[in-house]
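Here the structure comes first, spelled out in structure tokens, and everything after it is commentary.
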Amino acid sequence: MAERLIELRNIAKSYGHVYALGGVNLSVDRGEVVGLIGDNGAGKSTLIKILSGVVKPTSGEILIRGKPVTGWNAARSREAGIETVFQDRALAVQQTIVRNIFMGRELTGFLGWLKVSKEIEEASRLMREIGFTSKVFTPHSIVGQLSGGERQGVAIARAIYKQAELIVLDEPTTALSLTETAKVFHFVRQVRASGRSILFIGHNIHHVFDIADRFVVLDRGKMALTADRSEIKSAEDLINFMEDVAHPGGLAGLHDTGDAEQRAR
Amino acid sequence: MSKTMEPDLHEPSAGISRQGSSQNEWKHPSDHWLRGFVLDNRASLGTLAVFIVMMAVFMIANPTVFTTWYLYSAVLTTLPVALFVVVPLVFVVTCGEIDLSFPATMGFASWVFALVVQAGYDPFLGIAAALVTGTLLGFLVGSLVVYGGLSSLIATLGMNFLLRGLIQIINEGRSTSLTSLADSWAYRIFSSQFMGIPVQIFWAIAFVVLSAMLYNRHRFGAQVKVVGDNPDSAQQMGIDVKRVRVKVFVFVGIGAAIAGTFSVMINFTWWPTAGDGYLLPVLASVFVGGTPTWGGIGTVAGGAIGAVTVSFIQTGVVAAGLSGFYVQFFNGLIIILSLLGHKWNQARYR
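Protein chains in written order, with my numbering: chain Y, 1 to 265; chain V, 266 to 615.
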């Protein structure tokens with residue numbers, strides 16, 4: 001059985017009286033691509049922010065490789081091998097590609113002085129890996145001058161730099177062209193082939209269905225479904241299920257397939 | 266014959282040159298080291314150009330005065346005081362904040378220095394005490410802004426009045442004369458002359474160089490820029506944004522303590538108003554230097570050149586033969602012209 005990389009237990013988050021998440025369980029195993037689906041306001045982004053340490057949960061437990069963590073924050077999350085490509089890409093647009101790739105993880109030597117040439121070397125290598133073959137851009141290019149897809153590339157380069165064990169992609173295909181979307185998919189398969197895990201968040205169910213090994217559906221802060229790829233025949237099944245969740249009484253099939261892995265509510 | 270050949274020759278060459286120019290547009294500008302250098306330092310080079318033009322105008326207006334060393338010696342004595350606060354302020358503005366409390370910090374730290382020296386202790390101890398005071402005041406101001414969640418513009422303005430008020434209440438307007446300073450080693454090292462050049466300027470240059478390296482080649486500078494550029498992203502990437510913000514205020518506190526101490530050592534006297542006159546010239550220097558107001562980018566070298574420019578306006582206008590009434594006018598003129606120049610000069614990616 002695959003090693004359990006990360007587990008969120010009974011995570012709840014409320015902003016004042018408004019519940020964004022009400023007791024969610026989510027786990028990711030090594031080498032697995034998990035697709036997280038849900039409507040707007042389902043709590044996907046909040047869950048991602050809790051996982052990446054940006055937002056603190058109101059209650060619940062986070063376990064890394066089976067061990068509960070304390071003092072969870074963004075720096076701890078990155079140390080634990082979780083890299084997040086945020087929906088807004090979290091780039092500083094007036095800075096160079098190098099500075100963005102090493103944001104919050106500057107390569108420093110004696111007394112915190114930057115290892116500038118090492119950073120440039122590593123950044124060039126990452127850019128080649130990600131497919132930045134264009135001669136137009138150098139590691140010194142300002143991120144604000146890049147296109148949307150290229151910025152996504154910088155965000156992904158930053159995420160893969162440290163051989164992260166879990167890469168979280170929050171709506172990575174939004175606002176990307178077809179070829180750029182294909183690149184992202186290719187990247188996801190590459191990462192899985194290298195034995196690392198991905199948590200893929202998407203609006204587009206077809207995209208998620210194409211790529212994920214396991215699906216998690218969130219609905220209004222609750223887990224609506226966890227299902228393996230083998231249990232779901234087509235993307236249409238998923239869409240139907242989600243419609244059923246949103247408008248109960250429409251669909252029966254998926255609830256009754258009865259599987260140990262399935263925690264439908 | 267020639268008429269029929271003309272279009273044939275003309276068309277392809279035009280096509281090639283168009284292609285060539287488009288290739289040039291796409292080529293990264295830093296391909297040639299000189300172009301790269303100019304583009305990377307466009308803000309500070311622009312400030313340098315403003316300074317050179319201004320000095321040329323002054324020299325043409327009054328060649329005799331502007332070739333005497335005394336004029337430069339006078340500027341080089343007072344300029345360092347400004348440099349010690351202009352440079353840390355570049356960090357603050359880059360971080361997306363502003364600090365208007367440095368004049369009072371200058372006054373407060375130099376007051377502590379004066380008290381220690383007056384009590385008969387070695388001036389080096391006084392300098393150490395002033396540095397500690399500046400650090401603590403910077404930390405106090407920074408914590409108030411960052412952890413109190415206050416607007417730095419208003420909060421630091423308030424702190425400036427508050428600290429200055431404290432100084433005034435306790436001293437009741439009395440100044441402190443420190444004649445014993447002239448015999449001390451501290452004075453010889455920090456405030457005398459070396460080969461006719463005021464020694465302060467060497468310390469100030471060392472400070473500027475070290476700060477420029479901190480800004481461009483150190484984790485501190487890198488994080489200050491990222492926090493000023495996009496604080497949310499910085500936080501998402503695990504940078505302790507609040508700590509970085511407090512640090513820039515502490516840096517201003519340290520710079521202000523050095524500046525205040527130097528100004529006391531020039532005059533052998535501490536006044537309860539020490540530092541007050543620096544508020545606007547220092548702020549002007551930062552922006553004349555090419556650091557924009559919105560945060561994320563800036564230039565330490567530009568700020569230093571801006572400080573030199575602003576210092577020379579005051580001296581230069583009078584020396585050029587105009588009455589002192591013209592100083593403010595020229596101050597304003599240089600500030601506006603510099604801002605327009607920088608706006609035109611900035612890379613257009615925003």
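Quick reminder that beta carbons are idealized off the backbone N, C-alpha and C, glycines included. Predicted model only: the values in this text are computed from it and were never measured.
TODO: Provide the residue(s) that pair with G38 of chain Y in DSSP beta bridges, ordered along the chain.
DONE: Locating residue 38 of chain Y in the first sequence gives position 38, where the first residue counts as 1. G38 of chain Y is bridged to Y:L218.
TODO: Name, in chain order, the residues that DSSP records as bridge partners for G64 of chain Y.
DONE: Mapped onto the first sequence, residue 64 of chain Y falls at position 64. Checking the sequence, you will find Ile at residue 64 of chain Y rather than Gly. Per DSSP, Y:I6, Y:K67.
Task: Interface partners of I562 of chain V on chain Y, CB under 9 Å - done: As a first step, residue 562 of chain V must be located in the second sequence, where it is residue number 297. Counting only Cβ-Cβ distances below 9 Å, I562 of chain V has contacts in chain Y at Q94, Q95, in chain order.
Open item on the list: So for L602 of chain V, helix, strand or coil by DSSP?
Closed with: Sequence index remark: in the second sequence, residue 602 of chain V carries index 337 (1-based). The DSSP-derived three-state label of L602 of chain V is helix.
- [ ] Going by DSSP, name the residue or residues bridged to E79 of chain Y.
- [x] Counting from one through the first sequence, the residue named residue 79 of chain Y turns up at place 79. Here E79 of chain Y is not bridged, per DSSP, to any residue.
Task: chain Y contact residues for R484 of chain V, given Cβ-Cβ distances below 7 Å - done: For this step, residue 484 of chain V is matched to residue 219 along the second sequence. One finds E106, T108, G112, L114 in chain Y with Cβ atoms closer than 7 Å to the Cβ of R484 of chain V, taken in chain order.
TODO: With 8 Å as the threshold, decide whether the Cβ of G361 of chain V is near any Cβ in chain Y.
DONE: Residue 361 of chain V sits at position 96 when you count from the first residue of the second sequence. Chain Y contact via Cβ: absent.
Open item on the list: According to DSSP, is H207 of chain Y part of a helix, a strand, or is it coil?
Closed with: The residue labelled residue 207 of chain Y in the question sits at position 207 within the first sequence. Here H207 of chain Y carries a helix assignment [DSSP, helix/strand/coil].
Task: Rounded separation between N25 of chain Y and R158 of chain Y - CA only - done: As a working note, residue 25 of chain Y is residue 25 in the first sequence. As a working note, residue 158 of chain Y is residue 158 in the first sequence. Between N25 of chain Y and R158 of chain Y, the alpha-carbon positions lie close to 28 Å from each other.
Open item on the list: Can you determine whether any heavy atom of the ligand COA sits closer than 7 Å to the C-beta of I454 of chain V, and answer yes or no?
Closed with: For the ligand COA, the structure offers nothing, since it holds no ligand at all.
Open item on the list: For A12 of chain Y, which residues in the same chain have their Cβ closer than 6 Å to its Cβ, ignoring the five residues on either side in sequence?
Closed with: One-based indexing of the first sequence puts residue 12 of chain Y at position 12. Excluding its 5 nearest sequence neighbours in each direction, A12 of chain Y has C-beta neighbours in its own chain below 6 Å: L21, G22, G23, T58, S59, G60, listed in chain order.
Task: Counted within 10 angstroms of its Cβ, other Cβ atoms place R484 of chain V as buried (16 or more) or exposed - done: The residue given as residue 484 of chain V occupies position 219 in the second sequence. Around the beta carbon of R484 of chain V, a 10 Å sphere encloses 16 or more other beta carbons of the protein chains shown; the residue is thus reported as buried.
Open item on the list: Judging by CA-CA distance, which residue of Y:T179, Y:F187, Y:F132 is the nearest neighbour of V168 of chain Y?
Closed with: Position 168 of the first sequence, counted from the first residue, corresponds to residue 168 of chain Y. Comparing Cα positions, the closest option is Y:F187.
- [ ] Apply the 10 Å Cβ neighbour rule to A566 of chain V and answer buried if 16 or more other Cβ atoms are within range, or exposed otherwise.
- [x] Within the second sequence, the letter at position 301 stands for residue 566 of chain V. A566 of chain V comes out buried.
- [ ] May I have a chain-ordered list of the alpha helix (DSSP H) segments no shorter than 4 residues that lie completely inside the region 479-512 of chain V?
- [x] The region 479-512 of chain V contains these whole alpha helix (DSSP H) runs: 484-494, 496-501.
Task: Between the CA atoms of V573 of chain V and S498 of chain V - distance to the nearest angstrom - done: In the second sequence, counting from the first residue as 1, residue 498 of chain V sits at position 233. In the second sequence, counting from the first residue as 1, residue 573 of chain V sits at position 308. When rounded, the distance between both Cα atoms is 36 Å.
Open item on the list: Quick check: the region 386-401 of chain V against the region 520-528 of chain V, are at least 3 beta-carbon pairs closer than 8 Å?
Closed with: Taking 8 Å as the limit for Cβ pairs, the verdict is that the region 386-401 of chain V does touch the region 520-528 of chain V.
TODO: With a threshold of 16 other CB atoms inside 10 Å of the CB of I232 of chain Y, please say whether the residue is buried or exposed.
DONE: Walking along the first sequence from the start, residue 232 of chain Y turns up at place 232. Around the beta-carbon of I232 of chain Y, 16 or more other beta-carbon atoms lie within 10 Å, marking it buried.
Task: Supposed close pair V318 of chain V, T580 of chain V - CB separation, criterion 8 Å - done: One-based indexing of the second sequence puts residue 318 of chain V at position 53. One-based indexing of the second sequence puts residue 580 of chain V at position 315. Not a contact, Cβ separation roughly 17 Å.
- [ ] Report the residue from Y:G131, Y:R128, Y:Q87 whose alpha carbon sits nearest the alpha carbon of A175 of chain Y.
- [x] Against the first sequence, residue 175 of chain Y aligns to sequence position 175. Per the C-alpha coordinates, the member of Y:G131, Y:R128, Y:Q87 positioned closest to A175 of chain Y is Y:Q87.
Open item on the list: Is there a C-beta anywhere in chain Y that falls below 8 Å from the one on S498 of chain V?
Closed with: Here residue 498 of chain V corresponds to residue number 233 of the second sequence, with the count starting at 1. Yes, because at least one Cβ of chain Y sits closer than 8 Å to the Cβ of S498 of chain V.
TODO: Measure the alpha-carbon distance for L47 of chain Y versus Y480 of chain V and round it to whole angstroms.
DONE: As a first step, residue 47 of chain Y is located in the first sequence; it is residue number 47 there, counting from the start. As a first step, residue 480 of chain V is located in the second sequence; it is residue number 215 there, counting from the start. Cα to Cα, L47 of chain Y sits roughly 36 Å from Y480 of chain V.
- [ ] Report buried or exposed for W334 of chain V, applying the criterion of at least 16 other Cβ atoms within 10 angstroms of its Cβ.
- [x] In the second sequence, counting from the first residue as 1, residue 334 of chain V sits at position 69. So W334 of chain V ends up on the exposed side.
Task: For G35 of chain Y and V208 of chain Y, believed in contact at Cβ under 8 Å, the rounded distance - done: The residue labelled residue 208 of chain Y in the question sits at position 208 within the first sequence. The residue labelled residue 35 of chain Y in the question sits at position 35 within the first sequence. Sure, about 4 Å apart at Cβ, within 8 Å.
Open item on the list: Using a Cβ distance threshold of 8 Å, determine whether the region 368-381 of chain V contacts the region 432-443 of chain V, with at least three qualifying pairs required.
Closed with: Counting Cβ pairs under 8 Å, three or more are found: they touch.
Open item on the list: Short of 8 Å Cβ to Cβ, which residues in the region 385-412 of chain V face chain Y?
Closed with: Answer in chain order: no residues at all.
Open item on the list: If you reduce the DSSP assignment to three classes, tell me which class I167 of chain Y lands in.
Closed with: Within the first sequence, the letter at position 167 stands for residue 167 of chain Y. Under the three-state reduction of DSSP output, I167 of chain Y falls in the strand class.
Task: For G571 of chain V, three-class secondary structure by DSSP - done: Start at 1 with the first residue of the second sequence, and residue 571 of chain V comes out as number 306. Helix.
Task: Min CB distance S286 of chain V to chain Y below 8 Å - done: Locating residue 286 of chain V in the second sequence gives position 21, where the first residue counts as 1. In this predicted model, S286 of chain V has a pLDDT of only 36, less than 50, meaning its place in the structure is not dependable enough to derive any value.
Task: Inter-stretch contact (C-beta, 8 Å, three-pair minimum) for the region 508-515 of chain V and the region 402-421 of chain V - done: Yes, they touch.
TODO: Excluding the 5 residues preceding and the 5 following G372 of chain V in the sequence, name in chain order all residues of the same chain whose CB lies nearer than 6 Å to its CB.
DONE: As a position in the second sequence, residue 372 of chain V is number 107, starting the count at 1. Within the same chain, and ignoring the five residues on either side of G372 of chain V in sequence, the residues whose Cβ sits closer than 6 Å to its Cβ are I432, A539, G540.
TODO: At 7 Å on the CB atoms, spell out the chain Y contacts of A487 of chain V, in chain order.
DONE: Here the question's residue 487 of chain V lines up with position 222 in the second sequence. Neighbours of A487 of chain V on chain Y, chain order: R99, E106, L114.
Task: Beta carbon of H607 of chain V nearer than 8 Å to that of G361 of chain V - done: Along the second sequence, one-based indexing puts residue 607 of chain V at 342. Along the second sequence, one-based indexing puts residue 361 of chain V at 96. In this structure, G361 of chain V does not lie closer than 8 Å to H607 of chain V by Cβ.
Task: Local conformation of V18 of chain Y per DSSP, three classes - done: Along the first sequence, read from residue 1 onward, the residue named residue 18 of chain Y stands at position 18. V18 of chain Y: strand per DSSP, three-state reduction.
TODO: Determine the direct distance from the alpha carbon of S603 of chain V to that of V315 of chain V, and round the result to whole angstroms.
DONE: Taking the second sequence and counting its residues from 1, the one referred to as residue 315 of chain V is at position 50. Taking the second sequence and counting its residues from 1, the one referred to as residue 603 of chain V is at position 338. A straight line joining the alpha-carbon of V315 of chain V with that of S603 of chain V spans about 7 Å.
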